[in-house]
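Participant: Mapping of the sequence shown onto mature numbering (1 follows the signal peptide of the UniProt record, and there is no 0): residues -23 to -1, 1 to 511, in sequence order.
Think of the CB as a built atom: it goes at the ideal place given N, C-alpha and C, for glycine as much as any other residue.
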Amino acid sequence: MNKKISVTALLTIILSFFTVAFAATPAAADSQTPTDTLRVGMEAGYAPFNWTQTTDAHGAVPIQGENSAWAGGYDVQIAKKVAAGLGKKLEIVKTSWDGLPVALQSGKIDAVIAGMSPTAERKKEIDFTNPYYESHLVIVTRKDSKYADAKDLADFKGAKLTAQLNTFHYTVIDQIPGVQKEQAQKDFSAMRAALSSGVIDGYVSERPEGVTATSVDKNYAMVEFAKDKGFKTNPEDVQVAVGMRKGDPDVAKVNQILAGISEEERTKLMDAAIKEQPAASDSSEEKSGFLHDIKTIWNQYGGLFLRGAGLTLLIAIVSTILGTSLGLLIGVIRSLPVAENKVLFVFQKFFNWLLSVYIEIFRGTPMMVQAMVIYYGLAQVFQIDLNRTLAAFIIVSFNTGAYMSEIVRGGIFAVDPGQFEAAQAIGMTHGQTMTKVVLPQVIRNILPATGNEFVINIKDTAVLSVISVADLFFQGTSAAGTNYKFFPVFTIVGIMYLIMTYTISRILRLVEKRIDGPQSYIKADEAELEAEEE
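#1: Within its chain, find whatever has a CB closer than 6 Å to the CB of lysine 120; leave out the 5 residues flanking it on each side and keep chain order.
#2: Say whether the region 17 to 33 touches the region 47 to 55, bearing in mind that this needs 3 or more beta-carbon pairs closer than 8 Å, one atom from each stretch.
#3: At what residue ranges does the region 177 to 245 contain a whole run of the beta strand (DSSP E), taking only runs of 3 or more?
#4: Could you tell me the alpha carbon to alpha carbon distance between methionine 477 and leucine 487, rounded to whole angstroms?
#5: Closer than 8 Å is the cut-off here; do at least three beta carbon pairs connect the region 294 to 305 with the region 380 to 391?
#6: Could you check whether the region 228 to 238 touches the region 55 to 74, counting it as contact only if at least three pairs of C-beta atoms, one from each stretch, sit closer than 8 Å?
#7: Looking only at its chain, what residues have a beta carbon closer than 7 Å to the beta carbon of serine 455, apart from the 5 residues adjacent to it on each side?
#8: Is leucine 114 near valine 215, with beta carbons less than 8 Å apart?
#9: Helix, strand or coil for asparagine 318, going by three-state DSSP, please let me know.
#10: To the nearest angstrom, report how far apart isoleucine 420 and serine 333 are at their CA atoms.
#11: Verify whether the separation of the beta carbon atoms of isoleucine 177 and lysine 123 is less than 8 Å.
#12: Taking all protein chains shown into account, decide if tyrosine 479 is buried (16 or more other Cβ within 10 angstroms of its Cβ) or exposed.
#13: Whole angstroms are fine: how far does the CA of tyrosine 461 sit from the CA of serine 166?
#14: What does a CB cutoff of less than 7 Å around alanine 131 pick up in its chain, not counting 5 residues either side in sequence?
#15: DSSP three-state call for glutamate 111: helix, strand or coil?
#16: May I ask which residues mark the beginning and end of the beta strand (DSSP E) holding leucine 441?
#17: Report the rounded CA-to-CA distance for isoleucine 294 versus aspartate 75, giving the unit in angstroms.
#18: In chain order, which continuous runs of the alpha helix (DSSP H) of length 4 or greater are located wholly inside the region 123 to 164?
#19: Whose CA, out of Gly84, Gly135, Asn143 and Leu81, lies closest to the CA of glutamate 98?
#20: Taking the beta carbon of lysine 209 as the centre, do at least 16 other beta carbons fall within 10 Å, making it buried, or is it exposed?
#21: So, at 8 Å on beta carbons, what are the nonlocal neighbours of residue 516 in its own chain, with the 5 sequence-adjacent residues on each side left out?
#22: Decide if aspartate 225 is buried, meaning its Cβ has at least 16 other Cβ atoms within 10 Å, or exposed.
#23: Could you tell me how far apart the beta carbons of threonine 191 and glutamine 160 are, in whole angstroms, since I believe they sit closer than 8 Å?
#24: Taking just the CA atoms, how far does isoleucine 444 sit from valine 70?
#25: Using only the alpha-carbon positions, how far apart do lysine 158 and phenylalanine 322 sit?
#26: Cutting at 6 Å between CB atoms, please list the residues of its own chain near threonine 72, excluding the five before and the five after it.
#27: Less than 8 Å separating the beta-carbons of alanine 356 and lysine 134?
#28: Return the first residue and the last residue of the beta strand (DSSP E) that valine 350 is part of.
#29: Buried or exposed: histidine 146, going by 16 or more other Cβ atoms within 10 Å of its Cβ?
#30: Quick one, which of Ala203, Gly179, Ala37 and Val228 has its alpha-carbon nearest aspartate 104's?
#31: Per DSSP, which residues does phenylalanine 375 bridge with? Please list them.
#32: In whole angstroms, give me the CA-to-CA distance for methionine 247 and leucine 449.
#33: Would you grab the beta carbon distance between glutamate 43 and alanine 439 for me? Rounded to a whole angstrom, and I think it's under 8 Å.
#34: So what's valine 117 in DSSP terms, helix, strand or just coil?
#35: State the Cα-Cα distance for the pair lysine 206 and glutamate 183, rounded to the nearest angstrom.
#36: Distance check for isoleucine 238 and leucine 67, CA to CA, integer angstroms please.
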């Protein structure tokens, strides 16, 4: 009982420490910002402000850490002008929407140029430049919906509406009388999928995104309101600005650069972005249909999907091997006999307690939370800048190790105690007993559980999208956010996951049979029965 209380208390202290650290210790701008590079964070999946494409057409910029992937859109063009004005090289860091503020604070990026509004709440955490774009709010609905011809907010009474998580768009839904406010969605890809499937009747957005949605999917309709009929907003709510770390000395310089971009030029850049996005070129094709969409998407993004699948498999394989090895080691350590020496006994108890804390933390918290704490927390609190892929290996390996350690411990205890006694009777040490007698049986017995953990790791890499690891799911989300073909995209992604998990399951089944060896005794029994019958 005391042990459980102490583990829980330590877990609470650790999580509280990181929570306070996140809130109180933003990384210093002068120590984090590279002298010759401007690292700009964006979703690369919010057309026409930003998107992912497979060529460098229309002045797109390579995405950090991804081969044959470029970021394009209005935000990218603004970022290029800002970087040029600062005399720096532009580097696009593809980051999920939720991860943008913490990536900025932890020093992973130097600026957020991602269609972000400088709301009062966000200004508490980061600084903003003067706005570089201003729009107004609209509602995107289905063309065949009864709300498609709405003229007033009151016309949406009874409608199921939503907006993106952590945006002011979600708060303005409350201005509609009698509306059914649905749960906020993580990103626009999720909202468009929900709209297409009929789960919601519409979502709140800005006009450029609404124009994009209706241009690439003829089933959508954008509802605009007259000035006195629409949402009541503050000026900063409909403005878009560059987000930078608190105290960044470059804020004033960026304001000067933005001031040099005329309103006419900004309008031209936005019009060009709406026209040039990859999805717009596909909408003009006469052919349509599910199979045609599958073929078109594969031709466009097949390379990205394959690279994402390769990274998914790599993370799963390496992490499963490392995690299983760690689990075996912990399982053996926790099964050691109690030391007779008092000093060694105290050390053993303390070490076992630490292992218990590790196991409880990694089994008791979601992998998504672990990813945020390890990747962003280490950078913000200890200035340890981990590569995303390396962070993925660490997160999944330690998570796997925590689960496998308990599986191994159960496998050890499942071995007949008489085998331990027999080994001791012939003079074998504990180490010899474990390596020669127990572990070979344990490895065979835990092989199905190891295979199950392997399959789980293949699927669970999807949660690493929170730190923008470019796995299969992340690439699929980026493609869907650009071309609006959600069902075909995730059908392809689902099939690829199924192929990987099924193949791995079959291979592990063959390994199990190989370890078991030939079942000669069954054949002998069959031979005896046949002889008796004769």
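Facilitator: Straight from the coordinates:
#1: Asn196 and Ala198
#2: yes
#3: 179 to 183, 197 to 200 and 216 to 221
#4: 16 Å
#5: yes
#6: yes
#7: Ala21, Gly22 and Thr29
#8: yes
#9: coil
#10: 22 Å
#11: no
#12: exposed
#13: 7 Å
#14: Pro154
#15: strand
#16: Note, leucine 441: premise wrong, no beta strand (DSSP E); not H, not E.
#17: 28 Å
#18: 145 to 148
#19: Asn143
#20: exposed
#21: Given a span of -23 to 511 for the chain in the structure shown, any question on residue 516 remains unanswerable.
#22: buried
#23: With 8 Å as the limit, threonine 191 and glutamine 160 do not qualify as a contact, their Cβ atoms being about 24 Å apart.
#24: 11 Å
#25: 59 Å
#26: Gly18, Ala80 and Ser445
#27: no
#28: From DSSP, valine 350 is part of no beta strand (DSSP E); its letter is neither H nor E.
#29: buried
#30: Val228
#31: Its beta-bridge partners do not exist; DSSP assigns none.
#32: 30 Å
#33: About 17 Å separates the two Cβ atoms, so there is no contact after all.
#34: strand
#35: 16 Å
#36: 18 Å
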